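Protein chains in written order, with the working numbering: chain P, -8 to 281; chain D, -8 to 281. Note that beta-carbon positions come from the ideal geometry of N, C-alpha and C, so glycine has one too. Here the structure is a predicted model, which is why all the values come from computation and not from measurement.
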């Protein structure tokens, strides 16, 4: 089975568990709306790729780790889109959950997906309770306070932002969790996979800033210029478009260099290279000579 | 240490973990605002009482179970109070989190408390990974979909409510989790503790309906008549005040009868009797002859 088919099948199995009768219908549908069809499934792809590079000796745990990370990511998108945060109407080219259903359902959808992420890991624990507990610890730290994505979002309510803590938690935390959980699912030491996750996270943040600056709403499938509107720090406003592109290239070569030596090292380097190509935007003519 | 001191000390330890530097300040304060000073800490008291009745051989796990349930309960209050749900300004006699801080901070506070609940259980796993995983499973089922408190809240967005599923999930789920998790923390079979939790949950629902019908906003510390306003099912509107009181008494004697035989059985019966007295309202004169 391809990596992508494996991820979709695992996500679908976990969702159908949560949507079982006698589940309230709208909330059940909203869970599906929030998770399917997915975006690029980048975080679970990274997690599962690292698990495979580390031997993938307990596939149930590797799958659960990938699913749990994606569910947390989807939960964060649903809550971030709410009127009190980004007030976004569109996500992945379709209506956001609060627009398609309602604000109450959107709040509950995020809550439910967070809970489901931990439930998925607990249910996979029969394969190895110690590893499962380790995965739950990593995921909770990457999601909550003081260093997870909740903390990252929390920084946006502060008058004085600790920029390094903000970036590390807002975007970095889940990418670091992705590489660490892939390793931990396969019984390897997660710490040596921290740098790869951190660098990929940084690369995505810079790439996102570039897309936000260069593309229009129709291409992105979501509103553009949100960072400028919301006064958030942004690589393009700090370094200019070409500066940001060259920063992105540096980060990605650092990511490849950081991959620990392991059986699946070559395949993982290829994966990061594929992402690197996808991430680096083709600059419009007026930026080329900037 | 008294039960209550033990609960407060465990809650306080888990919160200070989440509020550590470099946590964003407002979100950190809001976590404390949402959890302290607490209400009656009923769910953790039940959970810890059952753990003690079952031998309490791993106090770290018993404490973690009690804290995790209370954090989930507090999270649900913060989100339920939001303008898109109950739109409540007051909770436990003080401003609700979205009024004291902001809606974004209130959404994040609920999210963070949910995550922290699972993190607390995962951190206590060193005492016994298998029991910890069991606790995480019980808590996730009681919180998420299709049978947890998220499902319960989700039913309020449906045109046709499955009343039995609604009550079981909305109020019952966390009480059942409280008795089950107390037992599981002490290594006992949680299933034989299900009925006690379910009956206590039912009793609290009826008592809440009675308080809502009989008392004023100042006494309650929160807005009254919310069920009528929001069109929710209610024991008083179905049975009348005296009918609801007699239903409450029946439920509580059933709860006492359901307690499995164990070393701490007598102490636990006393606890339920104390709750029974506190729960049963003194009827105002005009209701006495109703």
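List, in order along the chain, the chain D residues whose C-beta lies closer than 8 angstroms to that of residue 96 of chain P?
Result: 145, 148.
Would you be able to state if there are at least three C-beta pairs under 8 angstroms between the segment 117 to 134 of chain D and the segment 101 to 114 of chain P?
Contact between the segment 101 to 114 of chain P and the segment 117 to 134 of chain D is present, because at least three Cβ pairs lie under 8 angstroms.
Below 8 angstroms on the Cβ atoms is my guess for residue 160 of chain P versus residue 143 of chain P; work out the distance and round it to an integer in Å.
So it is a contact: roughly 4 angstroms between Cβ atoms.
Whole angstroms are fine: how far does the CA of residue 176 of chain D sit from the CA of residue 42 of chain D?
Going by the C-alpha atoms only, they are around 7 angstroms apart.
Is the separation between the beta-carbon of residue 227 of chain P and that of residue 271 of chain P shorter than 8 angstroms?
Judged by their CB atoms, residue 227 of chain P and residue 271 of chain P are not nearer to each other than the 8 angstroms cut-off.
In whole angstroms, what separates the C-alpha of residue 258 of chain D from that of residue 55 of chain D?
Roughly 21 angstroms separates the two Cα atoms.
Nearest chain D C-beta to residue 18 of chain P closer than 8 angstroms, yes or no?
So yes, residue 18 of chain P belongs to the interface.
Would you mind stating whether residue 200 of chain P and residue 225 of chain P have Cβ atoms separated by less than 8 angstroms?
Yes, the pair counts as a contact, with Cβ atoms nearer than the cut-off.
Can you say whether residue 138 of chain P is buried or exposed, counting buried as having 16 or more other CB atoms within 10 angstroms of its CB?
Sixteen is the threshold: when 16 or more other Cβ atoms of the shown chains lie within 10 Å of the Cβ of residue 138 of chain P, as they do, the residue is buried.
Quick one: is residue 49 of chain P buried, meaning 16 or more other Cβ sit within 10 Å of its Cβ, or exposed?
With 16 or more Cβ atoms within 10 Å of its Cβ, residue 49 of chain P is classed as buried.
Interface residues of chain P facing residue 93 of chain D [CB-CB closer than 8 angstroms]:
Here the neighbours are 75, 148.
The alpha helix (DSSP H) enclosing residue 109 of chain D, as first and last residue numbers
That run of the alpha helix (DSSP H) goes 94 to 114.
Should residue 229 of chain P be labelled buried (16 or more other beta-carbon atoms within 10 Å of its own) or exposed?
Result: exposed.
Extent of the continuous alpha helix (DSSP H) to which residue 188 of chain D belongs:
It spans 185 to 205 - the alpha helix (DSSP H) in which residue 188 of chain D sits, taken as one unbroken run.
Out of D/57, D/194, D/16, state which residue places its alpha-carbon closest to the alpha-carbon of residue 4 of chain D.
Restricting attention to D/57, D/194, D/16, the CA atom closest to the CA of residue 4 of chain D is found in D/57.
Opposing strand residues paired with residue 81 of chain D [DSSP bridges]:
Paired residue(s): D/86.
Taking DSSP as the reference, what is the three-state secondary structure of residue -5 of chain P?
Of the three classes helix, strand and coil, the one that applies to residue -5 of chain P here is helix, per DSSP.
Among P/47, P/10, P/19, P/24, which has the Cα closest to the Cα of residue -3 of chain P?
Residue P/47 is the option with its Cα nearest to residue -3 of chain P.
CA-to-CA distance, residue 26 of chain D to residue 13 of chain D, given in whole angstroms
If you take the alpha carbons of residue 13 of chain D and residue 26 of chain D, they lie about 20 angstroms apart.
Strictly under 8 angstroms for the Cβ-Cβ distance: is residue 220 of chain P near chain D by that measure?
At residue 220 of chain P, the pLDDT of 48 sits below 50, so the modelled position is not reliable and the matter cannot be decided from this model.
Taking the alpha-carbon of residue 44 of chain P as reference, which of P/183, P/173, P/263, P/245 has the nearest alpha-carbon?
Of the candidates P/183, P/173, P/263, P/245, the one whose C-alpha sits nearest the C-alpha of residue 44 of chain P is P/173.
Any C-beta of chain D under 8 angstroms from that of residue 99 of chain P
It does: the Cβ of residue 99 of chain P has a partner Cβ on chain D nearer than 8 angstroms.
Proximity to residue 193 of chain D [Cα-Cα], best of D/145, D/80, D/167:
Taking residue 193 of chain D as reference, the option from D/145, D/80, D/167 with the minimal CA-CA separation is D/167.
So residue 31 of chain P is in the alpha helix (DSSP H); what residue range does that whole segment cover?
Here residue 31 of chain P belongs to no alpha helix (DSSP H), and DSSP marks it neither H nor E.
Answer with yes or no whether the minimum CB distance from residue 64 of chain P to chain D is below 8 angstroms.
Not one chain D Cβ lies under 8 angstroms of residue 64 of chain P.
With residue 145 of chain P and residue 18 of chain D assumed to form a contact (beta carbons below 8 angstroms), what rounded beta-carbon distance in angstroms separates them?
With 8 angstroms as the limit, residue 145 of chain P and residue 18 of chain D qualify as a contact, their Cβ atoms being about 3 angstroms apart.
For residue 104 of chain P and residue 65 of chain P, believed in contact at Cβ under 8 angstroms, the rounded distance
That pair is a contact at about 6 angstroms.
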